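S.K.:
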Amino acid sequence: MKRTAIQLQMMLWLLMATHLGAQERMQVPVSVDGLEIELDWIGGFNAPQFSNIDLNRDGVTDLISFDRQGDILRTYIRMPASGRWVKDWSYLPVFPKLVDWVVIIDYDKDGVEDIFTSSSALGVAGIIVYKGAYSNGNWSFTKLLDRGKEYLQINSGGDLTNLYVAWDDIPAVTDVDRDGDVDILVFEPGGSTITYFDNRSAESGWGSDSLRYSIEDICWGKILENQFNESVYLSDDPDMCSDGFTGGGEILPRHAGSTILALDMDQDGDKDALVGDISSRRLVYLHNGLTADEAWITEQDSHFPITDTSIDLPYFAAGYSVQLDDDAEPELLAAINSRSLTEDKQSVWRYDDDAGAGSLNYKLTEKGYFQKDMIDGGSHSRPAVADINGDGLPDVVMGVFHYAEEETYTRFPSLWLFENQGTPTQPYFVKTSEDYLDLSQFGIVQPYKFEYSPAFGDIDGNGTIDLIVGETNGKLIFFKNTNLPGQPMNFEPLVYPYMNINIGVSSTPQITDINGDGLGDLVIGERTGNADNNGRCSNMNYFENIGQVGTALFNGDATVAPNTQCFGRVLFDIPVGLPHYSTPSILRTPDGLMLLTGSDEGNLLLYDNVENGKTGAITLLDDQYGSIDVGNRSAPALADLNADGLYDLIAGNQRGGLELFSTEIHVGTTSFENPLVTNDKPYTLLTISCNSWQVTWKDGKSGEVVVYDMQGRVLENFPSASTHTIDLGNYPVAMYMIQMLQEKQVFTEKVVSSE
Numbered sequence: 051m052k053r054t055a056i057q058l059q060m061m062l063w064l065l066m067a068t069h070l071g072a073q074e075r076m077q078v079p080v081s082v083d084g085l086e087i088e089l090d091w092i093g094g095f096n097a098p099q100f101s102n103i104d105l106n107r108d109g110v111t112d113l114i115s116f117d118r119q120g121d122i123l124r125t126y127i128r129m130p131a132s133g134r135w136v137k138d139w140s141y142l143p144v145f146p147k148l149v150d151w152v153v154i155i156d157y158d159k160d161g162v163e164d165i166f167t168s169s170s171a172l173g174v175a176g177i178i179v180y181k182g183a184y185s186n187g188n189w190s191f192t193k194l195l196d197r198g199k200e201y202l203q204i205n206s207g208g209d210l211t212n213l214y215v216a217w218d219d220i221p222a223v224t225d226v227d228r229d230g231d232v233d234i235l236v237f238e239p240g241g242s243t244i245t246y247f248d249n250r251s252a253e254s255g256w257g258s259d260s261l262r263y264s265i266e267d268i269c270w271g272k273i274l275e276n277q278f279n280e281s282v283y284l285s286d287d288p289d290m291c292s293d294g295f296t297g298g299g300e301i302l303p304r305h306a307g308s309t310i311l312a313l314d315m316d317q318d319g320d321k322d323a324l325v326g327d328i329s330s331r332r333l334v335y336l337h338n339g340l341t342a343d344e345a346w347i348t349e350q351d352s353h354f355p356i357t358d359t360s361i362d363l364p365y366f367a368a369g370y371s372v373q374l375d376d377d378a379e380p381e382l383l384a385a386i387n388s389r390s391l392t393e394d395k396q397s398v399w400r401y402d403d404d405a406g407a408g409s410l411n412y413k414l415t416e417k418g419y420f421q422k423d424m425i426d427g428g429s430h431s432r433p434a435v436a437d438i439n440g441d442g443l444p445d446v447v448m449g450v451f452h453y454a455e456e457e458t459y460t461r462f463p464s465l466w467l468f469e470n471q472g473t474p475t476q477p478y479f480v481k482t483s484e485d486y487l488d489l490s491q492f493g494i495v496q497p498y499k500f501e502y503s504p505a506f507g508d509i510d511g512n513g514t515i516d517l518i519v520g521e522t523n524g525k526l527i528f529f530k531n532t533n534l535p536g537q538p539m540n541f542e543p544l545v546y547p548y549m550n551i552n553i554g555v556s557s558t559p560q561i562t563d564i565n566g567d568g569l570g571d572l573v574i575g576e577r578t579g580n581a582d583n584n585g586r587c588s589n590m591n592y593f594e595n596i597g598q599v600g601t602a603l604f605n606g607d608a609t610v611a612p613n614t615q616c617f618g619r620v621l622f623d624i625p626v627g628l629p630h631y632s633t634p635s636i637l638r639t640p641d642g643l644m645l646l647t648g649s650d651e652g653n654l655l656l657y658d659n660v661e662n663g664k665t666g667a668i669t670l671l672d673d674q675y676g677s678i679d680v681g682n683r684s685a686p687a688l689a690d691l692n693a694d695g696l697y698d699l700i701a702g703n704q705r706g707g708l709e710l711f712s713t714e715i716h717v718g719t720t721s722f723e724n725p726l727v728t729n730d731k732p733y734t735l736l737t738i739s740c741n742s743w744q745v746t747w748k749d750g751k752s753g754e755v756v757v758y759d760m761q762g763r764v765l766e767n768f769p770s771a772s773t774h775t776i777d778l779g780n781y782p783v784a785m786y787m788i789q790m791l792q793e794k795q796v797f798t799e800k801v802v803s804s805e
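Residues 51 to 805 in our numbering are what the sequence shown lists, from first letter to last.
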């Protein structure tokens, strides 16, 4: 919530220097392995779920992803000529806040997709439904009420109760009995059997436009989940549930955490199922041997697909049947469904059907689907910006770690380097290293050091930019740079632990001269926060540099003055005992220092009067800065990337990716001034007039063109051709991004229209 009582002088400063409204997304190209990646700043994947939706109503099926890690939704438009997916931020504001799981389906057959999602935010394990509407080019979603409640209900013993879905499950929302309305399959609270909730709308004469559920079968398919492995117990009687209901035995409760994808695998008119479990790496295929009205699972495949590379994700697999191309049959995406303990660089596997009409026979076509086309280092991305190679342009270093040992979940931390090979006004990032400074091997030495958090600054006042890296154990890794600005950074061997500083868990440092003595002081965020005699006092620590120019010196005890473990009285609205994960980024503006910090919940908090932080509270301006939510463990870094005198914001998160925003915060000093010419492109971009351009592909080839505004919205799509004429005369005078797509290459140009 924005603060409503702000002193007059602060209000005047805000009007001059800072805009606290929603921040605009930036479009800056990123190249990996010689190719521009389309989904660059999407933020990464850890536990994504997928559903189809026609976002732009062009008759071509588009896609949403919803990541359980952070409850983050993203929208993608499919380019029919090439089959490429392009991100489109413009649809995000119309979606309600969704949590845990999302299934999109047109339940009432009105041609507009609706949303089924978890009701856990209401304190109820169940389902919320949002009815979709599309009119005059605009989407809207309205929450449905079921007999006065915001969640779906069923009649149980004469009383109404919630249709139960555990928060970590994903139900099947589909027409099970082929009567035209949408039914639900979900594991019962004990996690042992599947309950079939029949929608009685069609039977009641209401068609498909109502949702009125009753329990049709408490043991759909007559199967019982196995407590010891991913297989299930089958029943030898189509009228009896396996084991507990037949032999007099007791059905033992299992843990919650199951996913169901219902689909007609053999095209015989009934629903089969792919079932995932929190204790399993695989999806189990359950073959329905009866009909749509009566399900009896007669066969299973616990290593699906048995005819090809089996799904083998490290933890809690889930399946999604989605249309990814123009063929008749949907593709299958298998993805991790866990908020933790995941192999997080290849957490999405794509399978295509190669059987043709009559059945589905899935073959693995790609591991890490989508993820190869985005910045995704695994987990816990924490960016920093500095001129690494001395060319005067801002480069990006990202601390990250990923799970690579499937059995032990060993974390492999590293620093990724993206060098800016653009110009001062048109940055162009190229990934040049996934292990900058070879920190991966250092990180796996006991005790493990991961959650790397880099920070650059002149710590000893000698004019060189040094590097400090925070890590899980609360200590610091120090690299002293021996070269001056304008030269490539050259570091002496690392020092660890630096100055015996230890703030506890997950150190996130910043190097800034807080007290104005010309030496770099340290402000360090952490996981949990600190307390003094008056209780909780701050989520940040301050260590004052007590050395001299050329020689930095710190007392490693945060409780000894001039240090303080209560810097700025920075407190988050998070209950005691839960992680806070403060990640400060300090900005030097014309009016002094400001501080922007991330948090475990994903929001960004903006503070002013940072110079007062060592002795008192700094001023909170906004605890939802820019209405930005990048998901859990947001980690901001700010720098002027395009030499416009304003800070730009790069935000990391727990999913291991990055997101990019512009701000209206003015920088105090301007750096990064040397231009660098980009490489030749396979096209020419010719200015025809003040608001029109022509793209011509060289060597007689063809390609597609997409035009974005600077918020990332798709304005124009041009199908594959050898020449494209782009007329932006009907759009406001502004800067735009023109993206050229040819074969496996993506190129981006920035243009400015005028009157």
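Where is the CB? At the ideal position from N, CA and C, for every residue including glycine. In this text, all values refer to a predicted model and were calculated from it rather than measured experimentally.
1. Nearest by alpha-carbon distance to aspartate 694: which of Leu148, Ser635, Asn583 and Val717 is it?
2. Could you tell me if the beta carbon of isoleucine 518 falls within a distance shorter than 6 angstroms of some heavy atom in the ligand HEM?
3. Would you mind working out which of Asp259, Ile244, Thr243 and Thr341 sits nearest arginine 250, comparing C-alpha positions?
4. By how many angstroms is the C-alpha of threonine 647 removed from the C-alpha of leucine 688?
5. Quick check on the burial criterion: 16 or more other C-beta atoms within 10 angstroms. Buried or exposed for threonine 719?
6. Rounded to whole angstroms, what's the CA-CA distance from leucine 643 to leucine 311? Just pull it up for me.
7. From tyrosine 657 to leucine 123, what does the alpha carbon distance come to, in whole angstroms?
8. Is DSSP giving tyrosine 631 helix, strand or coil here?
9. In the DSSP assignment, what residue or residues form a beta bridge with arginine 432?
10. Does the distance from the C-beta atom of glycine 706 to that of serine 431 stay below 7 angstroms?
11. Please report the straight-line C-alpha distance between alanine 222 and leucine 235, rounded to a whole angstrom.
12. Work out the CA separation of glutamate 766 and arginine 332 for me, nearest whole Å.
13. For the beta strand (DSSP E) holding leucine 195, just list the boundary residues, first then last.
14. DSSP three-state label for proline 504, please.
15. Assign alanine 252 to buried or exposed, taking buried as 16 or more other Cβ atoms, counted over all protein chains shown, within 10 Å of its Cβ.
16. By DSSP, does tyrosine 546 sit in helix, in strand, or in coil?
17. Do you know whose CA, among Tyr126, Tyr141 and Ser140, lies nearest arginine 134's CA?
18. Assuming tyrosine 365 and glycine 449 form a contact by the criterion Cβ under 8 angstroms, report the distance between their Cβ atoms to the nearest whole angstrom.
19. Take every Cβ of the region 797-805, pair it with every Cβ of the region 103-110, and state whether three or more of those distances are shorter than 8 angstroms.
20. Buried or exposed for alanine 378, please, with buried defined as at least 16 other CB atoms from any protein chain shown within 10 angstroms of its CB.
21. Can you tell me whether alanine 312 is helix, strand or coil according to DSSP?
22. For the pair the region 485-502 and the region 510-525, tell me if three or more CB-CB distances fall below 8 angstroms.
23. In three-state terms, what does DSSP make of glycine 442?
24. Grab the span of the beta strand (DSSP E) containing leucine 699 for me, first residue to last.
25. Count the other CB atoms within 10 Å of the CB of serine 409; is the residue buried (16 or more) or exposed (fewer)?
26. By the 10 Å Cβ neighbour count, where 16 or more other Cβ atoms means buried, how is glycine 255 classified, buried or exposed?
27. Find the nearest neighbour of isoleucine 574 within the set Leu621, Thr633, Leu517 and His452, judged by alpha-carbon distance.
28. Three Cβ pairs or more, each shorter than 8 angstroms: is that satisfied between the region 215-234 and the region 337-346?
29. Assess contact between the region 707-716 and the region 420-437, defined as three or more Cβ pairs (one per stretch) separated by less than 8 angstroms. Is contact present?
30. For alanine 771, which residues in the same chain have their Cβ closer than 7 angstroms to its Cβ, ignoring the five residues on either side in sequence?
31. If we ignore side chains and look at the alpha-carbon of each, how far apart do leucine 195 and isoleucine 178 end up?
32. Quick check: the region 586-593 against the region 615-629, are at least 3 beta-carbon pairs closer than 8 angstroms?
33. So, helix, strand or coil for asparagine 279, using DSSP?
34. Under 8 angstroms, with one C-beta from each stretch per pair, do the region 239-246 and the region 195-207 reach the 3-pair mark?
35. Less than 7 angstroms between the C-beta atoms of isoleucine 92 and serine 101, yes or no?
36. What do you get for glycine 779, buried or exposed, if any count of 16 or more other CB atoms within 10 angstroms of its CB means buried?
M.R.: Let's see:
1. For this step, residue 694 is matched to residue 644 along the sequence shown. The residue with the shortest Cα to Cα distance from aspartate 694 is Val717.
2. Judged by which ligands are present, the structure shown has none, so any question about the ligand HEM falls away.
3. Residue 250 sits at position 200 when you count from the first residue of the sequence shown. Checking every option, the nearest Cα to that of arginine 250 belongs to Asp259.
4. The residue labelled residue 688 in the question sits at position 638 within the sequence shown. The residue labelled residue 647 in the question sits at position 597 within the sequence shown. Rounded to whole angstroms, leucine 688 to threonine 647 spans 11 angstroms at the Cα level.
5. Sequence index remark: in the sequence shown, residue 719 carries index 669 (1-based). Only weak support is given to the placement of threonine 719: the predicted model assigns it a pLDDT of 45, under 50, and the value that follows is read from those uncertain coordinates. Flag for threonine 719 reads exposed.
6. Indexing the sequence shown from 1 puts residue 643 at position 593. Indexing the sequence shown from 1 puts residue 311 at position 261. Those two C-alpha atoms are separated by around 52 angstroms.
7. On the sequence shown, position 607 is the one that residue 657 refers to. On the sequence shown, position 73 is the one that residue 123 refers to. When rounded, the distance between both Cα atoms is 28 angstroms.
8. On the sequence shown, position 581 is the one that residue 631 refers to. If DSSP states are grouped into helix, strand and coil, tyrosine 631 belongs with coil.
9. Here residue 432 corresponds to residue number 382 of the sequence shown, with the count starting at 1. The partner list for arginine 432 (beta bridge, DSSP) reads Gly449.
10. Numbered from its first residue, the sequence shown carries residue 706 at position 656. Numbered from its first residue, the sequence shown carries residue 431 at position 381. Yes, Cβ-Cβ distance for glycine 706 and serine 431 is below 7 angstroms.
11. Indexing the sequence shown from 1 puts residue 222 at position 172. Indexing the sequence shown from 1 puts residue 235 at position 185. Approximately 5 angstroms, taken between the alpha carbons.
12. Taking the sequence shown and counting its residues from 1, the one referred to as residue 332 is at position 282. Taking the sequence shown and counting its residues from 1, the one referred to as residue 766 is at position 716. Distance between the alpha carbons of arginine 332 and glutamate 766: 41 angstroms.
13. Walking along the sequence shown from the start, residue 195 turns up at place 145. Leucine 195 -> no beta strand (DSSP E), and no H or E assigned at all.
14. Stepping through the sequence shown from its first residue, residue 504 is reached at position 454. Strand.
15. The residue you call residue 252 lines up with position 202 of the sequence shown. By the neighbour-count rule (16 or more Cβ atoms within 10 Å), alanine 252 is buried.
16. Residue numbering aside, residue 546 sits at position 496 when the sequence shown is read from its first letter. Coil at tyrosine 546, not helix or strand.
17. Locating residue 134 in the sequence shown gives position 84, counting from the first residue. For the residues Tyr126, Tyr141 and Ser140, the minimum Cα distance to arginine 134 belongs to Tyr126.
18. Indexing the sequence shown from 1 puts residue 365 at position 315. Indexing the sequence shown from 1 puts residue 449 at position 399. Approximately 23 angstroms separates the beta-carbon atoms of tyrosine 365 and glycine 449; this is outside 8 angstroms, ruling out the contact.
19. These segments do not touch.
20. Position 328 of the sequence shown holds residue 378. Per the 10 Å Cβ criterion, exposed.
21. Reading the sequence shown from its first residue, position 262 is the one you call residue 312. In the three-state reduction of the DSSP assignment, alanine 312 falls in the strand class.
22. yes
23. By 1-based counting over the sequence shown, the position of residue 442 is 392. Glycine 442 falls in the coil class under three-state DSSP.
24. Within the sequence shown, the letter at position 649 stands for residue 699. Counting along the chain, the beta strand (DSSP E) containing leucine 699 begins and ends at 696-702.
25. Within the sequence shown, the letter at position 359 stands for residue 409. By the neighbour-count rule (16 or more Cβ atoms within 10 Å), serine 409 is not buried but exposed.
26. As a first step, residue 255 is located in the sequence shown; it is residue number 205 there, counting from the start. With fewer than 16 other Cβ atoms within 10 Å, it is exposed.
27. Numbered from its first residue, the sequence shown carries residue 574 at position 524. Nearest of Leu621, Thr633, Leu517 and His452 to isoleucine 574, Cα basis: Thr633.
28. Yes: at least three Cβ pairs fall under 8 angstroms.
29. A contact exists between the region 707-716 and the region 420-437.
30. The sequence position of residue 771 within the sequence shown is 721, counting from 1. If we look at alanine 771 and ignore the five residues flanking it on each side, its Cβ neighbours are Ser752.
31. Counting from 1 along the sequence shown, the entry for residue 195 is found at position 145. Counting from 1 along the sequence shown, the entry for residue 178 is found at position 128. Computed Cα separation, rounded: 9 angstroms.
32. yes
33. For the purposes of this step, residue 279 is taken as residue 229 along the sequence shown, with counting starting at 1. Coil, per DSSP.
34. In short, these stretches do not touch, since the Cβ pair count stays below three.
35. Locating residue 92 in the sequence shown gives position 42, where the first residue counts as 1. Locating residue 101 in the sequence shown gives position 51, where the first residue counts as 1. No, they are not a contact pair.
36. Against the sequence shown, residue 779 aligns to sequence position 729. Exposed is the call here.
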